[in-house]
Each structure stands twice: as structure tokens, then as C-alpha cells.
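Here is the structure we will look at, set down as C-alpha cells.
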Amino acid sequence: MRNVISIILCLAALYTATATAETTLPDPTAPLGYQPKVVVPEKKAPIKMVKKKAPRRVSLPRLDAVMCQSDQACVAILNGEMVEEGKPYKGFNVVKVTNDKAVLSKQRKKWTLTLYSEQVVN
């Protein structure tokens, strides 16, 4: 009998504890007649992840040297290979070769490869 009474008292205490936890008590520091606003959380639209394609980086050849002779056009040495002006090289078109630079083009884009002064061969 004693166990039954203690179980009933425990259940009653548990019930009153949960009932008071659900009700909100008024703020004693609030002004008279103040009614707190009930804020309903808004539903946010799910965020869609959009994958952007990274711009493809073009691997440019290395301009090793430029050889120019007075009576002929200049020749560029790209990655150790001699390439004349107007000739293709590994997907690039060699547009122009001067004594210190070479201009390459590929798919409507142009790149200028330059030399240091000690690499110019006359």
C-alpha cells in the first residue's frame, strides 16, 4: 500500500511539473497591459545549390627563345620545338613572332608570350 501511494504521488508530481512547463508565466517587469507578440516562424524556401562550371584553364606552352634573321621571319622555340609564324602548335595558332615575344591564339582568345632580354637571339 505504501508503494502504491508513493507511486501515485510521484506521478502527480510529474504531471504537474509537465503542465507548468508548458504554460508561460507573465513577465513581472513588463508594463501593465502588455501582450507579447506571438511569433510564428516562417517557412523558408529550400536553398538550391547551383554548381558553376569552373573556367577551364588553358595550359600555355613555354616560350624558350626567339630566333630572328634579318632576311627571314622570326621563329619561336616553344617547349623546345621550332615553330614558324602562322603555323599551328598543339592546338594553338602562332599569330605573330617578333624578336622578344610570340602571340598565340586559340578559340578566339590570344596570349602573348614574352622573353627576357638575355634570351633574345639575333
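Those letters in the sequence shown? Residues -21 to -1, 1 to 101, per mature numbering (1 follows the signal peptide of the UniProt record, and there is no 0), in order. Glycine included, each C-beta is placed from N, C-alpha and C at the ideal position.
| query | result |
| --- | --- |
| For Lys30 and chain D, any beta-carbon pair shorter than 8 Å? | As a matter of chain content, chain D is missing from the structure shown, which is built from one protein chain. |
| What separation, rounded to the nearest whole angstrom, lies between the Cα atoms of Arg(-20) and Ile(-14)? | 10 Å |
| Looking only at C-alpha atoms, which of Asn58, Asp43, Ala24, Lys85 sits nearest to Gly65? | Lys85 |
| Candidates Gln48, Gly59, Leu39, Asp50: which alpha carbon is nearest Val82's? | Leu39 |
| Where Pro79 and Thr93 are concerned, what is the direct C-alpha to C-alpha distance, given to the nearest angstrom? | Before going further, note that residue 79 is Asp rather than Pro in the sequence given. Between Asp79 and Thr93, the C-alpha separation is close to 6 Å. |
| Mark Leu57 as exposed unless 16 or more other C-beta atoms lie within 10 angstroms of its C-beta, in which case mark it buried. | buried |
| Under the rule that 16 or more other beta-carbon atoms within 10 Å means buried, what is Pro42, buried or exposed? | According to the sequence provided, residue 42 is Leu. The question's Pro does not apply to it. Per the 10 Å Cβ criterion, buried. |
| Helix, strand or coil: which one does DSSP assign to Leu11? | coil |
| Buried or exposed for Val(-18), going by 16 or more other Cβ atoms inside 10 Å? | exposed |
| Give me the Cα-Cα distance between Val62 and Lys88, rounded to the nearest whole angstrom. | 19 Å |
| Comparing C-alpha positions only, which one of Val37, Val54, Lys32, Leu4 sits nearest to Val76? | Val54 |
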